[in-house]
Amino acid sequence: MAGRKLVRLTVTQANREEIARSVDWNRVRGMSEAAIERDLAADPDASPPLTAAEGIALNVQRIRRRLGMSQNAFAAAFQIPAATLRDWEHARRAPDAAAVAYLRVIARNPDAVRRALAGQDAA
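If you count the sequence shown from 1, you need to add 12 to reach our numbering.
Structure representation (structure tokens):
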């Protein structure tokens, strides 16, 4: 990510719908992957593809934000060191396989994780 300027973009449902309407989907469906990549590379408004670390970082942020939690609240609730969570969200470090699995469980059933961490049955 060195040398890349990060821009905060808020995408709303209305933005998504507007973007979807602006795309010629029949043209896209008829294009090869190579042609799509060429078009994206030639478009000055297109964002560069995400690295794997950036994709993971966005996924971690998405999980936390969907739960409506700050980084500190999420870290405390799910017993993840706050500095580790920040590193994941800023793509400075990637979560290992066990942490990815834990995040997936949090995303699917945060209340069960909270109960388990509180020592209650998850049933």
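Glycine included, every Cβ here is placed at the ideal spot set by N, Cα and C.
### Message
What would DSSP say about S59, mapped onto helix, strand or coil?
### Response
Three-state result, S59: coil.
### Task
Pull up the CB-CB distance for P122 and L62, whole angstroms please, since I reckon it's below 8 Å.
Going by Cβ atoms, the distance from P122 to L62 rounds to 25 Å, so no, they are not a contact pair.
### Query
Within 10 angstroms of its Cβ, does M13 collect 16 or more other Cβ (buried), or is it exposed?
Unreliable placement is indicated for M13, whose pLDDT of 45 sits below 50; no coordinate value is reported for it.
#### Entry: Reduced DSSP secondary structure (H/G/I, E/B, other) of M13
Interpretation of M13 is limited by its pLDDT of 45, a score under 50 that renders its predicted location unreliable; the figure taken from the coordinates is listed afterwards. Three-state result, M13: coil.
### Task
Can you grab the Cα-Cα spacing for the pair I92 / A47, in whole Å?
Their backbone Cα atoms lie some 42 Å apart in a straight line.
### Query
Is there contact between the stretch 81–89 and the stretch 48–61, where contact requires at least three CB pairs shorter than 8 Å?
no
### Message
Please tell me whether A65 and A109 are closer than 8 Å, where the distance is taken between their beta carbons.
### Response
no
### Query
Is Q73 helix, strand or coil when you go by DSSP?
helix
### Query
Taking Cβ positions, are V72 and L129 nearer each other than 8 Å?
no
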